[in-house]
Amino acid sequence: MSATIPLTQKTEWHDLQHHAVQIGQHHLRELFAHDPERGERLQVSAAGLYLDYSKQRVTDETLDLLLKLAEACGLQERIEAMFRGELINTTEGRPVLHTALRAPKGESIWVAGRDIVPEVHAVLDRMTEFSNKVRSGTWLGYTGKPIRNIINIGIGGSDLGPEMAFEALRHYSRRDLVFRFVSNVDGTDFVEAVRDLEPDETLFIICSKTFTTEETLVDAMAARDWCVKQLGAGQALANHFVAVSSNQVAVERFGITIDHMFGMWDWVGGRYSMDSAIGLSTMLAIGSENFHAMLAGFHAMDSHFRHAPLAKNAPVVLGLLQIWNTNFLGAQTLAIIPYEQYLSLFPAYLQQLAMESNGKHFTVDGNAVDYATSPIYWGAAGTNSQHSFFQLLHQGTLLTPCDFIGFCQSFNRLGVQHDLLMANLFAQSEALAFGRNAQEVRDQGIAENLVPHRTFDGNRPSNTILAQCLNPHALGALVALYEHSVFVQGVIWHIDSFDQWGVELGKALARKTSAEVASSSDAVLTHDSSTNALIRRYKGCR
Ligand code: G6Q
Numbered sequence: 003m004s005a006t007i008p009l010t011q012k013t014e015w016h017d018l019q020h021h022a023v024q025i026g027q028h029h030l031r032e033l034f035a036h037d038p039e040r041g042e043r044l045q046v047s048a049a050g051l052y053l054d055y056s057k058q059r060v061t062d063e064t065l066d067l068l069l070k071l072a073e074a075c076g077l078q079e080r081i082e083a084m085f086r087g088e089l090i091n092t093t094e095g096r097p098v099l100h101t102a103l104r105a106p107k108g109e110s111i112w113v114a115g116r117d118i119v120p121e122v123h124a125v126l127d128r129m130t131e132f133s134n135k136v137r138s139g140t141w142l143g144y145t146g147k148p149i150r151n152i153i154n155i156g157i158g159g160s161d162l163g164p165e166m167a168f169e170a171l172r173h174y175s176r177r178d179l180v181f182r183f184v185s186n187v188d189g190t191d192f193v194e195a196v197r198d199l200e201p202d203e204t205l206f207i208i209c210s211k212t213f214t215t216e217e218t219l220v221d222a223m224a225a226r227d228w229c230v231k232q233l234g235a236g237q238a239l240a241n242h243f244v245a246v247s248s249n250q251v252a253v254e255r256f257g258i259t260i261d262h263m264f265g266m267w268d269w270v271g272g273r274y275s276m277d278s279a280i281g282l283s284t285m286l287a288i289g290s291e292n293f294h295a296m297l298a299g300f301h302a303m304d305s306h307f308r309h310a311p312l313a314k315n316a317p318v319v320l321g322l323l324q325i326w327n328t329n330f331l332g333a334q335t336l337a338i339i340p341y342e343q344y345l346s347l348f349p350a351y352l353q354q355l356a357m358e359s360n361g362k363h364f365t366v367d368g369n370a371v372d373y374a375t376s377p378i379y380w381g382a383a384g385t386n387s388q389h390s391f392f393q394l395l396h397q398g399t400l401l402t403p404c405d406f407i408g409f410c411q412s413f414n415r416l417g418v419q420h421d422l423l424m425a426n427l428f429a430q431s432e433a434l435a436f437g438r439n440a441q442e443v444r445d446q447g448i449a450e451n452l453v454p455h456r457t458f459d460g461n462r463p464s465n466t467i468l469a470q471c472l473n474p475h476a477l478g479a480l481v482a483l484y485e486h487s488v489f490v491q492g493v494i495w496h497i498d499s500f501d502q503w504g505v506e507l508g509k510a511l512a513r514k515t516s517a518e519v520a521s522s523s524d525a526v527l528t529h530d531s532s533t534n535a536l537i538r539r540y541k542g543c544r
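Under the numbering used here, the first residue of the sequence shown is numbered 3, with each subsequent residue one higher.
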C-alpha cells in the first residue's frame with residue numbers, strides 16, 4: 003500500500019510537480035478571468051462552515067491531482083483506521099480517538115474490548131453535575147462562600163485549548179465568574195493571576211493528563227501554598243482544588259481526592275483534548291448545554307470528514323491545499339488571520355495543533371523525509387495585523403498563504419463596525435490575489451518614481467472560511483476542521499502526527515541544568531562553553 007513507494011517517487015507526486023510548473027505561468031487574475039464561475043465553484047461547505055479556496059493558485063486539475071495523491075497515500079483507509087481506533091500513533095502504540103470525545107450517547111467505539119463512549123459520557127455527566135454546582139453557587143469554599151474565581155493550571159494542550167475556547171466563547175460565559183489561565187513556570191504568571199483574588203472564593207483546576215509535568219506541578223504547589231497561607235491547614239483546601247488527569251495515583255499523592263478528579267485517557271493527545279475534561283473551565287464558563295453544543299459542532303465535522311467524498315470533504319481539501327502550497331509552491335508558513343476578536347488566541351492554538359503534530363522529519367517507518375513537512379503556523383486577529391505584518395504579506399519576498407476566518411454576524415454590533423471588519427477581510431484577500439499592476443498605478447496619476455513602490459504583484463494565495471456566528475457549535479466545527487486537516491497532511495507526509503518526541507531533549511537537559519542552577523556551589527559545569535558561561539553569569543548576577 004501507500005508506504006511501499008516513497009512519497010517523492012510516486013507518479014502522483016511527479017504529476018503534481020509538473021503541474022506546479024504549468025500553474026506557475028498563470029496569475030490568479032487569469033485564472034479568474036478565464037473562469038467566471040470559479041468563485042462559486044471552488045468552495046466546500048461542512049457543518050455550517052463555508053470554505054472558499056478559489057483564491058488559491060489551483061485549478062480543477064490541481065485538485066484532481068492532489069486527490070489522486072491522497073488516494074495513492076491511502077487517505078480514505080487512514081481516516082477509517084483513526085475512527086475505528088487502530089493504533090495509528092505507532093511510536094507510542096496508541097489509538098487516536100479524540101473523535102470519541104464527541105461521539106453521541108448510544109454510539110459504540112471499542113478499545114481493547116471496551117466500549118469507551120459510555121466512559122466518555124460518564125465523565126461529561128460528572129463535569130455537568132460539578133459545573134452546575136459551581137455555577138449555581140452551591141459548591142462552597144472553606145469559609146462557606148460560593149466560588150467566584152476559577153483558575154486553570156496547565157500547560158501546552160492543557161492550557162492552549164481551554165484558554166482559546168474561553169476567549170472564543172466569552173460571549174456565552176458567566177460574567178460574574180472570573181476565569182484565569184496559569185501555564186508558565188515563570189512565577190509572574192501565577193502571582194499576577196491571583197493578585198486581586200481571595201483564596202476562599204477561588205477554585206483551582208489542575209489540568210494535567212500525566213500529572214507529571216513539572217511546570218504544572220510547580221504552579222499547583224504555588225497555588226496550594228497561597229491557599230494554605232490564608233485558609234490554614236491542608237484539609238481546608240478540599241473544595242478549592244479539582245484535577246483533570248489520567249493519573250489517579252499522582253493526583254491523590256498531590257492531595258486531591260478521587261471524587262474531585264475528572265478522568266481522561268491515553269488515547270487523547272494533549273493538543274486534541276479541549277473537548278475532554280481538560281475543557282472543564284470551558285464548561286464552567288459557558289454551561290453544560292453550550293459545551294454539548296460545542297461537542298455537537300465537533301461531531302458534525304467528524305461525520306462529514308468520515309463520510310463525505312474526498313473531493314467535497316472540507317478537512318481533506320484544506321489539508322491538500324496546504325500540501326500543495328508547502329510541497330509544490332514552496333510556502334514555508336501559513337498565516338491564520340481571524341477577523342473576529344474573540345478568536346484572537348486561535349492562531350496560537352493552531353500553532354501547537356499543527357506544528358507539534360507535523361513538525362517532524364522522520365516517516366512512521368523511521369526514514370528521513372526528503373520533502374518539507376509542517377509549515378510554520380502563525381498569525382493574529384484582523385484588522386490589527388493589517389497595521390503590523392501585512393506589508394510583508396502584500397509586498398514581501400516570501401510566499402505566505404493565509405487562512406482568513408470571518409463570521410456573518412457579530413455579538414457586538416456597534417454601528418457600522420462589523421461591516422467594516424468584514425469589508426477589510428474581503429479586501430485583503432482580494433488585494434493579495436489580484437494586486438495592482440504598474441499600469442493601474444499610473445492610471446491613478448501616481449508619480450513615476452513611486453510606481454514600483456505602489457505596485458502589488460498579487461497572485462498570493464488565501465482561503466476564506468465563513469460561518470454564521472461564533473457560537474459553540476461553530477467553534478467545535480472549526481477546531482475539528484483544522485484537527486482533521488492536520489491529520490490529512492500527516493497521512494500524505496507519512497508521519498506520526500500524534501507523538502511529540504521533539505520536546506523531550508530540551509526537557510531532559512532542563513532537568514539536569516535545573517539542579518546545577520539551583521545549587522549554590524561552584525561545582526564544575528559540564529555543558530558546552532557557551533551554556534557554562536551563561537549559567538555562571540546567571541548565578542553570579544541573580
Ligand atoms: C500535546 C502535548 C503537550 C501536553 C503538555 C501538558 O499534545 O502532549 O502539549 O499537553 O505537555 O501535558 P500534561 O497534560 O500531561 O501536563
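Even glycine gets a Cβ: it sits at the ideal position worked out from N, Cα and C.
Setting aside the 5 residues that flank it on each side, K147 is surrounded in the same chain by D202, E203, each with a C-beta closer than 6 Å to its C-beta; the list follows chain order.
Spatial neighbours of Q353 in its own chain (CB-CB distance under 6 Å, excluding positions within 5 residues in sequence) are listed in chain order as Y379. With a minimum length of 3 residues, the unbroken runs of beta strand (DSSP E) contained wholly in the segment 456-510 fall at 464-469. Checking the 8 Å criterion, the Cβ of Y274 is within range of a heavy atom belonging to ligand 1. In terms of Cβ geometry, F489 and G257 do not form a close pair [threshold 9 Å]. Cβ contact annotation for L162 (same chain, cutoff 7 Å, sequence separation greater than five): A350, Y351, Q354, in chain order.
Residue pairing from DSSP places D405 in a beta bridge opposite I338, N465. A straight-line Cα-Cα distance of about 13 Å links S431 and L53. About 6 Å separates the Cβ atoms of S464 and F406, confirming a contact at the 8 Å cut-off. CA-to-CA, the gap between I339 and Q232 works out to about 44 Å. DSSP, read as helix, strand or coil, puts S47 in strand.
Between E88 and E14, the C-beta spacing is not below 9 Å.
Within its own chain, the residues whose Cβ lies closer than 8 Å to the Cβ of Q411, once the five positions on either side in sequence are excluded, are H420, Q470, C471, listed in chain order.
The beta carbons of L30 and R59 sit closer together than 9 Å.
Counted as a single uninterrupted DSSP element, the beta strand (DSSP E) harbouring V180 occupies residues 180-184. Distances from the CB of C410 to the heavy atoms of ligand 1 are all 8 Å or more. In the displayed model, Y274 falls within a helix according to three-state DSSP. Cβ neighbours of S185 within its own chain (closer than 6 Å, five residues either side excluded): I157, D161.
Going by C-alpha positions, S210 is about 9 Å away from N249. Per the coordinates, the alpha-carbon of I111 lies some 18 Å from the alpha-carbon of M303. Here I288 has L171, Y174, S175 as same chain residues with Cβ atoms under 6 Å from its own Cβ, once five neighbours each way along the sequence are excluded. Inter-residue distance for F192 and D221 is about 7 Å (C-alpha atoms, whole angstroms). The shortest CA-to-CA distance from I494 to any of K70, H396, G50 is the one to K70. P164 sits close to T284, with the two beta carbons spaced by under 9 Å. Its Cα nearest to that of G299, the residue E485 stands out among R444, A114, E485. Straight across, the Cα-Cα distance linking L477 with L68 is about 28 Å. Linking R226 to D117 through their CA atoms gives a straight-line distance of about 37 Å.
Boundaries for Y373: no alpha helix (DSSP H) harbours it, and the DSSP string shows neither H nor E there. Assignment of R80 by DSSP, reduced to helix, strand and coil, places it in the helix class.
Around the CB of T101, 16 or more other CB atoms lie within 10 Å, so the residue is classed as buried.
Taking all protein chains in view, the Cβ of I260 is surrounded by fewer than 16 other Cβ atoms within 10 Å, so the residue is classified as exposed. Counting along the chain, N360 sits inside the alpha helix (DSSP H) bounded by residues 348-360. No heavy atom of ligand 1 is found nearer than 8 Å to the CB of E131. The alpha-carbon of G368 is positioned some 23 Å away from that of V270. For the 9 Å CB-CB criterion, F330 and L18 form a contact. For a cut-off of 8 Å, the C-beta gap from F264 to L239 is around 17 Å, too long to register as a contact.
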